[in-house]
Amino acid sequence: MKDMLIGVDLAKNVFQLHGASMTGDVKYRKKLSRGQFFRFMSEQPSALVVMEACGSAHYWARELVKLGHAVKLIAPQYVRPFVKRQKNDATDAEAIVIAARQP
Numbered sequence: 071m072k073d074m075l076i077g078v079d080l081a082k083n084v085f086q087l088h089g090a091s092m093t094g095d096v097k098y099r100k101k102l103s104r105g106q107f108f109r110f111m112s113e114q115p116s117a118l119v120v121m122e123a124c125g126s127a128h129y130w131a132r133e134l135v136k137l138g139h140a141v142k143l144i145a146p147q148y149v150r151p152f153v154k155r156q157k158n159d160a161t162d163a164e165a166i167v168i169a170a171r172q173p
């Protein structure tokens with residue numbers, strides 16, 4: 071069973087990651103470039119990776135599945151209610167994790 075949940079906010083040049091346990095405990099917050107992101111994810115044990123559905127989300131989902139991760143895409147309208155503070159990439163990644171834990 072995958073015991074790690076990784077929320078990824080995809081952007082043009084920099085990806086924001088929010089790693090948490092399945093219970094919601096924050097493990098890390100990272101800001102990575104595209105190359106760093108792929109390297110980082112290839113070194114991680116298999117996890118549940120959650121992203122907002124967008125133009126490049128399907129490409130990254132396929133790449134992450136090849137690395138052994140389980141991937142879920144969430145529509146942006148289901149993530150927006152969980153943004154707690156001002157909207158930026160870091161809070162979006164955190165909101166993605168919170169939305170993924172909802173029933």
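Mapped onto our numbering, the consecutive letters of the sequence shown carry residue numbers 71 to 173.
For each residue, glycine too, the CB sits at the ideal point set by N, CA and C.
Just to confirm, are residue i and residue j a CB contact at a threshold of 8 Å?
i: Leu102; j: Leu80; result: no
i: Ala163; j: Lys72; result: no
i: Ser116; j: Gly138; result: yes
i: Ser91; j: Lys100; result: no
i: Ala165; j: Val149; result: yes
Using three-state DSSP, classify residue i as helix, strand or coil.
i: Asp73; result: coil
i: Met111; result: helix
i: Lys142; result: strand
i: Val167; result: helix
i: Val96; result: strand
Can you check DSSP and say which residues form a bridge with residue i?
i: Phe85; result: Leu102
i: Val120; result: Gly77 and Lys142
i: Ala90; result: Leu75 and Val96
For the candidate residues the options, whose alpha-carbon lies nearest to that of residue i?
i: Val167; options: Lys72, Val78 and Asp73; result: Val78
i: Gln147; options: Ala140, Phe108, Val96 and Ala170; result: Ala170
i: Leu134; options: Val96, Leu118, Lys154 and Asn158; result: Leu118
i: Lys142; options: Phe152, Lys82 and Tyr129; result: Tyr129
Flag residue i as yes if its beta-carbon sits less than 8 Å from any beta-carbon of chain D, otherwise no.
i: Ala169; result: No chain D appears in this structure, which consists of one protein chain only.
Is residue i near the ligand NAP, going by C-beta to nearest heavy atom under 7 Å?
i: Lys142; result: No copy of the ligand NAP appears in this structure; indeed no ligand is present at all.
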